[in-house]
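Chains as they are written, first to last, in this note's numbering: chain A, 1 to 171; chain B, 1001 to 1104.
Written out as structure tokens, the structure is:
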């Protein structure tokens, strides 16, 4: 067993456990911490797949920026009831239906992956996943997407400001 | 740079598992913020699959898609959490079962 296998096992297990933590833990702050752990494990998995820039951005953007936003909003919005417990009969009946739906989708995906035959992976270029390679790819083939991303983020910022602004006469 | 040696099926199964966990969270949790976090989890599972296929094909386009997904997630979280704060101001709750005005 080589080092990469061990690292993959460790981080795969870590990501699954912390992902389960997000779903199971009642306290949303602890859930957010668990999600940060999941993002770190995923960043390490991305590094194992030679995706340096993506791994760095995973930590910077997800574990950094997005989760800070989440913890801020959790702080502002203190919620009492967050348990999975269901009250009415209809809600209790819906639980197995939902689980079965997810199981069917997951089974379909697994069957799909099983049907695919993967040959040997292509030889990766020496600078695969580096900032320079991604930058070249972006500005050679994806310039339009890049520009549209800036529009999207601008719309997101303006939308967030307008939506969260207090209107007159509002509590 | 590391030369990846793990078979790509392992990564795909892990991605499916994380996606399913996120989907279960979205369906079962009642706190809208936790539902949001589970959506982030599902997006990240998809990112893992994209990075895996990028590595398999030796094509950096997969990484570009991941970066675009990150941008979409950031914009989505900013607007979504703003809506959440506004809902909380009006209703003093973000429980998705109590917010049922729009249910048919």
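Think of the CB as a built atom: it goes at the ideal place given N, C-alpha and C, for glycine as much as any other residue.
In this structure, residue 1041 of chain B keeps its C-beta atom at 8 Å or more from the C-beta atom of residue 59 of chain A. With a threshold of 8 Å between beta carbons, residue 1035 of chain B makes no contact with chain A.
In this structure, residue 1012 of chain B places its C-beta atom within 8 Å of the C-beta atom of residue 1049 of chain B. Using a CB distance cut-off of 8 Å, residue 44 of chain A does not count as an interface residue toward chain B. Residue 123 of chain A sits exposed, since fewer than 16 C-beta atoms from the chains shown fall within 10 Å of its C-beta. Against chain B, a Cβ distance below 8 Å from residue 153 of chain A picks out 1071, 1074, 1075. Under a criterion of Cβ atoms nearer than 7 Å, no residue of chain A is adjacent to residue 1102 of chain B; the nearest Cβ is some 17 Å distant. Residue 10 of chain A counts as exposed, since fewer than 16 other beta carbons sit within 10 angstroms of its beta carbon. For residue 8 of chain A, same chain residues with a beta-carbon under 8 Å away, outside a window of 5 residues either side, are 45, 48 in chain order. Residues of chain B with a Cβ closer than 9 Å to the Cβ of residue 144 of chain A do not exist, since the nearest Cβ in that chain sits about 11 Å away. Separation of residue 100 of chain A and residue 74 of chain A (C-alpha to C-alpha, rounded to the nearest whole angstrom) is 30 Å. Taking residue 51 of chain A as the centre and dropping the five residues before and after it, the same chain places the C-beta of 129 closer than 6 Å to its C-beta, in chain order.
When the beta-carbon positions are compared, residue 19 of chain A and residue 1008 of chain B stay at least 8 Å from each other. Closer than 8 Å to the CB of residue 1039 of chain B there is not a single CB belonging to chain A.
By the rule that beta-carbons nearer than 8 Å mark a contact, residue 1096 of chain B does not touch chain A. Collapsing the DSSP output to three states places residue 1097 of chain B in coil.
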